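Report on one structure; see the data block that follows.
In our numbering, the protein residues as written are 4 to 153.
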């Protein structure tokens, strides 16, 4: 049985480098690129804005996520499965790594990953305090090995 590696991607150069690292480091592993749509990024909020604003925001975020995943797939010269989820990034990465399936997801349901790879953008000071660190949260709470690429 081959190793399953989950790589979080957000469209940044650092995330692409993390995916390329995973592809080189584990050439026989099954790679899955995960992009998380964060509802906190919506300017409309859950109840605010004009009617249909949250649907419009979601469709835009989903389109961007699909582009991020397509670019990730093109960044490596081997097959990469993709997964698009909605939620808080740290929790969603941990849930997917642990094998939690998305609603209506039949493929790969319930199968945990063996390793998580993600990038660190190297935020420091106030921006780290205000924005938090997805990488740090995943490292602290993951039940599988985590590699942070800088």
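All C-beta atoms, glycine included, are put in the ideal place defined by N, C-alpha and C. This one's a predicted model, so the numbers in the text were calculated from it and none came from an experiment.
Which listed residue (the options) has its alpha carbon closest to that of residue i
i           : options            : result
residue 33  : 119, 15, 96 and 64 : 119
residue 158 : 43, 87, 65 and 91  : The structure shown does not extend to residue 158, since the chain spans only 4 to 153, so no value can be given for it.
residue 98  : 39, 23 and 63      : 39
Residues near residue i by beta carbon distance below 6 Å, same chain, minus five either side
i           : result
residue 45  : 60
residue 102 : 113, 114 and 115
residue 122 : 17, 18, 21 and 152
Cβ neighbour criterion (16 or more within 10 Å) applied to residue i
i           : result
residue 16  : exposed
residue 144 : exposed
residue 92  : buried
residue 81  : exposed
Straight-line gap, residue i to residue j (C-alpha atoms, nearest Å)
i           : j           : result
residue 65  : residue 5   : 30 Å
residue 12  : residue 57  : 23 Å
residue 68  : residue 42  : 13 Å
residue 74  : residue 149 : 23 Å
residue 7   : residue 96  : 14 Å
residue 107 : residue 14  : Here the model assigns residue 107 a pLDDT of 47, short of 50, so the residue's position is not dependable, and the following value carries that caveat. So the two alpha carbons sit approximately 25 Å from each other.
residue 85  : residue 25  : 14 Å
residue 70  : residue 94  : 22 Å
residue 28  : residue 140 : 23 Å
residue 124 : residue 63  : 24 Å
Cβ neighbours of residue i in the same chain (closer than 7 Å, five flanking residues each side left out)
i           : result
residue 142 : 149 and 151
residue 100 : 9, 115, 116, 119, 145 and 147
residue 78  : 19, 22 and 23
Three-way DSSP call (helix, strand, coil) for residue i in this model
i           : result
residue 122 : strand
residue 139 : helix
residue 86  : strand
residue 99  : helix
Contact set for residue i: own chain, Cβ-Cβ below 8 Å, skip 5 residues either direction
i           : result
residue 76  : 36, 83 and 85
residue 137 : 11, 92, 93, 96 and 121
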